[in-house]
Amino acid sequence: MRAVIFDMDGLMIDSEKIYWAVGRQMAREFGKTVSDETLGQMMGRAPIESVTLYRNALGLSDSPEKLLETREARVERQMQGGVEPMPGLYEAIELLRPQFKLAIATSAPGRFLNVVLDKLRLREYFAALQTSDDIKHGKPDPEIYLKVIGKLGVAADECFVLEDSSNGARAGKRAGAYVIAVPTEHTRAQDFGFVDYIAANLADAAEHVRSIAKLGPQAQSKRAAGTDGEDYD
């Protein structure tokens with residue numbers, strides 16, 4: 000095992016509350032109410048796919064492109080005001096970086112990632128970055144993970160993926176990585192039955208990564224024996 004790939008929203012930073020608040024605010028302005036189920040389904044997806052789902056669920060006439068422009072402007076404005084790291088983020092990075100290449104694969108646009116890396120002073124720790132800017136198929140499609148794995152120059156089965164959402168975790172599994180879910184208050188009800196491990200928090204995830212890495216071939220054999228039970232084109 001040679002690399003650990005982090006999701007960003009909800010995994011590295013407490014940003015889901017921003018997305019949910021903006022989603023609710025926009026719905027109110029249209030005279031609508033958006034359900035937690037819809038907001039949860041939007042998580043982890045490519046931006047345009049996410050707002051298309053939102054548009055259809057609320058029955059809005061505005062184009063997905065217009066809705067996305069509004070949402071991203073509001074989210075970015077809030078992020079510029081400050082982002083909050085998830086508990087244990089810095090400790091997990093310090094624990095993992097001596098042994099593994101670190102990367103980020105986020106469904107957010109590149110400008111959001113740049114805000115986060117600069118605000119939290121994390122840029123130097125990551126060997127590869129992949130955003131949604133040049134992704135055709137968002138999570139749960141494996142494209143984003145396959146791209147970042149290619150940038151790292153490692154094999155998929157040499158990578159750990161840390162994800163907070165079911166969509167993101169499924170993308171990591173479909174790419175062939177060892178997936179650790181770190182659910183949050185917004186994602187605990189989602190399906191994680193197919194992942195390799197469900198962590199209580201980032202510290203637990205980092206310790207599990209280290210323990211599995213020490214097992215070497217045994218861990219690989221165990222991982223190879225389990226699948227998420229899905230065929231995927």
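When we follow numbering that gives the first Met the number 0, the leftmost residue of the sequence shown carries the number 0, and every step to the right adds one.
Built from N, CA and C at the ideal position, the CB exists for glycine as well.
Gln40 in three-state terms, based on DSSP: Helix at Gln40.
Would you check if the segment 59–76 and the segment 146–162 touch, i.e. whether three or more CB-CB distances between them fall below 8 Å? Of all C-beta pairs linking the segment 146–162 to the segment 59–76, fewer than three are shorter than 8 Å, placing the two stretches out of contact.
Can the beta-carbon of Arg70 be found closer than 7 Å to that of Val3? When the beta-carbon positions are compared, Arg70 and Val3 stay at least 7 Å from each other.
Per-residue DSSP class, three states only, for Asp163: In this structure, Asp163 counts as coil in the three-state DSSP scheme.
Using the C-alpha atoms, what's the distance from Lys213 back to Ile134? Rounded to the nearest angstrom, the two C-alpha atoms are 34 Å apart.
Runs of alpha helix (DSSP H) wholly within the segment 46–96 (minimum 4 residues, chain order): The segment 46–96 is shown to contain whole alpha helix (DSSP H) runs of 4 or more residues at 46–57, 63–79, 88–95, in chain order.
So Val74 packs on Leu119, CB below 8 Å; how close in whole Å? By a beta-carbon distance limit of 8 Å, Val74 does not contact Leu119. Their separation comes to about 16 Å.
Look up Leu112 in the DSSP assignment and say whether it is helix, strand or coil. Under the three-state reduction of DSSP, Leu112 is assigned to helix.
Proximity to Phe29 [Cα-Cα], best of Gly9, Met41, Asp13, Arg54: That would be Arg54, whose Cα lies nearest to the Cα of Phe29.
If you measure between the beta carbons of Leu101 and Tyr124, is that distance less than 7 Å? In this structure, Leu101 lies near Tyr124, with their beta-carbon atoms less than 7 Å apart.
Apply the 10 Å Cβ neighbour rule to Lys138 and answer buried if 16 or more other Cβ atoms are within range, or exposed otherwise. Around the beta carbon of Lys138, 16 or more other beta carbons lie within 10 angstroms, which makes this residue buried.
Can you name, in chain order, every residue of its own chain whose Cβ lies under 6 Å from the Cβ of Lys31, other than the five neighbours on each side? Excluding residues within five positions, the ones whose Cβ falls inside 6 Å are Leu57.
Minimum length 3: unbroken beta strand (DSSP E) runs contained in the segment 141–208: Taken in chain order, the whole beta strand (DSSP E) runs of length 3 or more contained in the segment 141–208 are 158–162, 177–180.
Neighbourhood of Ile92 by C-beta, 8 Å cutoff - its chain only, sequence neighbours within 5 removed: The residues are Leu101, Leu121, Tyr124.
Just to confirm the assignment, what range does the beta strand (DSSP E) spanning Gln129 have? Run containing Gln129: 127–129, per the beta strand (DSSP E) assignment.
Three-state class that DSSP yields for Val3 in the structure shown: Looking at Val3 - three-state DSSP - the assignment turns out to be strand.
Contacting residues, own chain, Cβ-Cβ under 7 Å from Val50 (five flanking each side not counted): Annotation for Val50: Pro63, Leu66, Leu67, Arg70 place their beta carbon closer than 7 Å to its own, counting only its chain and skipping 5 residues before and after.
If we count the other Cβ atoms within 10 Å of its Cβ and call it buried at 16 or more, is Gln98 buried or exposed? By the 10 Å Cβ count, Gln98 comes out exposed.
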